[in-house]
Structure formats: C-alpha cells, structure tokens
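Working notes, structure below.
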Amino acid sequence: MSEEITTVDTGELGEKIVKVLKTIYDPEIPVDIYELGLIYDVLVNEDNEVRILMTLTSPNCPVAESLPVEVEEKIKSLDLVKDAEVEITFDPPWTQDLMSEEAKLELGLL
Numbered sequence: 001m002s003e004e005i006t007t008v009d010t011g012e013l014g015e016k017i018v019k020v021l022k023t024i025y026d027p028e029i030p031v032d033i034y035e036l037g038l039i040y041d042v043l044v045n046e047d048n049e050v051r052i053l054m055t056l057t058s059p060n061c062p063v064a065e066s067l068p069v070e071v072e073e074k075i076k077s078l079d080l081v082k083d084a085e086v087e088i089t090f091d092p093p094w095t096q097d098l099m100s101e102e103a104k105l106e107l108g109l110l
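Just so we're aligned: the sequence shown equals residues 1 to 110 in UniProt numbering.
What follows is the structure in structure tokens.
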C-alpha cells in the first residue's frame with residue numbers, strides 16, 4: 001500500500017482564507033473587512049501556519065478586542081490551516097483610500 005501525500009498549494013489556501021475573511025464584517029460598516037481594506041497581508045508558510053497583518057478603522061474601534069479573535073478563530077477553523085495568528089498594526093493607519101471599489105460603491109462613496 002502506498003501512502004498518499006497531499007501537498008497544499010499555498011496560493012489555493014490563501015484564496016480560501018480570503019473567502020473566509022470576506023464573511024467577517026465590521027459591525028459599524030456594512031462591508032466585509034477584506035473589501036474595507038483592513039487586511040494588509042496574509043502569509044502562509046510551508047507548514048500551513050497563517051499570519052494575518054491587519055488594522056482597524058481606528059485605535060478606539062469598539063471591536064478592537066473581539067474582531068482579531070474572530071478573524072483568528074475563523075481562519076483556524078479551515079481544515080488545512082495548522083495554526084493562525086493575527087497581528088494588529090496602525091502603520092500605516094487605515095483610510096478610506098484602502099477600501100476596494102466595491103466597498104466604496106456599497107457605501108455610496110463613488
């Protein structure tokens with residue numbers, strides 16, 4: 001019997017992670033955190049450990065405690081993810097310029 005070895009394409013896993021991120025919303029704005037531009041980077045290493053660099057709309061954001069935890073838990077819930085860590089940064093600070101065209105349309109900014 002031969003053992004089947006499955007290799008995971010980190011790009012494919014990255015796409016799955018983005019799909020999950022698009023299900024998480026800032027409670028004050030009816031746009032998901034990905035389209036809002038809160039996700040600065042998604043890094044997946046060869047061990048399928050994920051590191052997400054993100055920001056918040058402001059340092060005083062009411063969900064500053066809960067949103068990063070929600071992101072981490074939802075990413076960890078993906079079968080292929082071994083571990084996940086979320087790092088919050090305010091450098092550069094979030095501005096509306098970071099929003100996608102889709103988000104700007106949704107919010108009537110275009």
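Cβ atoms here follow ideal geometry from the backbone N, Cα and C, with glycine treated the same way.
These numbers were taken from a predicted model, which means no experiment stands behind them.
Under the DSSP assignment, residue 85 falls in the beta strand (DSSP E) whose first and last residues are 83–88.
Between the stretch 13–26 and the stretch 67–75 there are three or more C-beta pairs closer than 8 Å, enough to call the two in contact.
Per DSSP, residue 56 has no beta-bridge partner at all.
By the 16-neighbour rule on beta-carbons within 10 angstroms, residue 32 is buried. Between the alpha carbons of residue 98 and residue 46 lies a gap of roughly 29 Å. Taken through DSSP and simplified to helix, strand or coil, residue 75 comes out as helix. According to DSSP, residue 25 shares a beta bridge with 32. Exposed is the label assigned to residue 89, since fewer than 16 other Cβ atoms lie within 10 Å of its Cβ.
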